[in-house]
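Per my numbering, the sequence shown runs over residues 1408 to 1557. Cβ coordinates follow ideal geometry from the N, Cα and C atoms, glycine included.
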Amino acid sequence: MVNPPSAKPIPLTYQLAQLAYALHAAVESHLHDTLEELDLTLTLADALWQLDPALGPPSRRELAERLGCDPSNVTFLVDRLERRRLVTRARGTRDRRVKALTLTPAGVEVRNRLIATIAESPIFSQLTNTQRRQLAGLLGRCVGSDRSSR
């Protein structure tokens, strides 16, 4: 990210955008082997990631909102995850017409494996614990949820 001497300086916001994209690409690259091993696409992994048990079982519509896609796409994803016995659909507690999506024990294991793959990534190994906490806090602020204190 060093500019040639004759080039204009890159605005800080552009540097942040470039670095955010580079981090995304590095994480995705590091996750590649685990996805292959688990026979998952990145999209299926995203769906599993969004089925965070701590947030409670979402409806298909809520999962679509978390994924930023159309609910019809979620139906396709959930069908595939359900066939692999990673997700179940059950009647919602608030509205019995709505199906709530829940990870099965196997789904929890796969989700935990995805998280562990990224958490143990060498991407963050060059940072001290203090720097990791700082980065977690900053990234939490960027995405609107400071989870570093949890």
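Alpha carbon of residue i to alpha carbon of residue j, nearest angstrom
| i | j | result |
| --- | --- | --- |
| residue 1506 | residue 1416 | 52 Å |
| residue 1553 | residue 1524 | Confidence in residue 1553 is poor, its pLDDT being 46 and thus under 50, which makes the residue's placement unreliable; the coordinate value appears in the next sentence. Distance between the alpha carbons of residue 1553 and residue 1524: 22 Å. |
| residue 1460 | residue 1423 | 31 Å |
First and last residue of the uninterrupted alpha helix (DSSP H) at residue i
| i | result |
| --- | --- |
| residue 1550 | 1536 to 1550 |
| residue 1454 | 1449 to 1457 |
Reduced DSSP secondary structure (H/G/I, E/B, other) of residue i
| i | result |
| --- | --- |
| residue 1424 | helix |
| residue 1473 | helix |
| residue 1414 | coil |
| residue 1436 | helix |
| residue 1495 | strand |
Buried versus exposed call for residue i [16 or more other C-beta atoms within 10 Å across all chains shown]
| i | result |
| --- | --- |
| residue 1535 | exposed |
| residue 1479 | exposed |
| residue 1494 | buried |
Limits of the unbroken beta strand (DSSP E) element including residue i
| i | result |
| --- | --- |
| residue 1507 | 1506 to 1510 |
Closest residue to residue i among the options (Cα-Cα distance)
| i | options | result |
| --- | --- | --- |
| residue 1510 | 1440, 1457, 1432 and 1414 | 1457 |
| residue 1515 | 1448, 1431, 1455 and 1443 | 1455 |
| residue 1498 | 1551, 1467, 1488 and 1484 | 1467 |
Closer than 7 Å to chain C by CB, residue i
| i | result |
| --- | --- |
| residue 1454 | Chain labels in this structure do not include chain C; a single protein chain is all it has. |
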